[in-house]
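Each residue of the sequence shown is one higher than the last, beginning at 51 in the numbering used here.
A virtual CB, placed ideally from N, CA and C, is assigned to each residue, including glycine.
Being a predicted model, the structure only gives us computed values, none of them experimental.
These notes are about the structure you will find just below.
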Amino acid sequence: MRVSECPGLTRVQEKKLKLAVEGRCELCSEYFALPFLEIHRISRRLYREMVRDPSTRILVVCHLCHHHIHRLPVRVKDQRAIVSRRSFSVRQDIRKVLGYTPKPYFPPYDTDLSQMYDEYFYHFPPGSFRLAG
Ligand SMILES: [Zn+2]
Ligand SMILES: [Zn+2]
């Protein structure tokens, strides 16, 4: 089996996310049976603003599109465009799912965030992203 890109997510959450997009791949817009859909985690190093809203860090895509995202790769900018095209209700549903994190089994999202920040600043010292603009 594949390794989850979002270790903080439970199977139930993953399923709910797939249901939130109505079983539709967010990249090719085709409908799939839920087991064929996967949760893609958008790179946060390139997309700092996403820290505020966990729903903007993920994409629900079919197996093929997921493969494409990693192999081509699909630019973060384009992944981000998909996120911004989500309807209000889909966005709300995804946020609701992500807000539900069973504490006994998984660390809170914030812990993960601070680690990612450390990683980010290690590679890109504060201010460096301005130049990259
Ligand atoms: Zn697809
Ligand atoms: Zn992925």
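Starting from the C-beta of residue i, find all residues in its chain whose C-beta is less than 8 Å away, skip the five residues before and the five after it, and write them out in chain order.
i, result
"Gly73", "Tyr81, Phe82, Ala83, Leu84 and Leu87"
"Arg145", "Asp103, Pro104 and Ser105"
Looking at residue j and residue i, is the spacing between their C-beta atoms short of 8 Å?
i, j, result
"Ile119", "Cys56", "no"
"Ala192", "Val140", "One cannot answer for residue 192 here, as it falls past the ends of the chain, which runs 51 to 183."
If you drop the 5 nearest sequence neighbours on each side, which residues of the same chain put their C-beta closer than 7 Å to that of residue i?
i, result
"Ile89", "Glu55, Cys56, Leu59, Glu64, Leu67, Ile108 and Val110"
"Arg91", "Glu55, Cys56, Arg107 and Ile108"
Report all residues from its chain with a CB closer than 6 Å to the CB of residue i; omit the five preceding and five following residues, and keep chain order.
i, result
"Cys115", "Cys75, Leu77 and Cys78"
"Ser93", "Val126"
Roughly how many angstroms lie between the CA atoms of residue i and residue j, to the nearest whole one?
i, j, result
"Cys112", "Arg102", "26 Å"
"Ser105", "Leu122", "23 Å"
"Val62", "His117", "23 Å"
"Ser134", "Lys127", "10 Å"
"Glu149", "Asp143", "The amino acid occupying residue 149 in the given sequence is Gly; Glu does not appear at that position. Between Gly149 and Asp143, the C-alpha separation is close to 10 Å."
"Arg136", "Val147", "15 Å"
"Phe138", "Ala131", "15 Å"
Legend entry - Within the segment 57-116, ranges of the beta strand (DSSP E) (whole runs, at least 3 residues): 87-91 and 108-112
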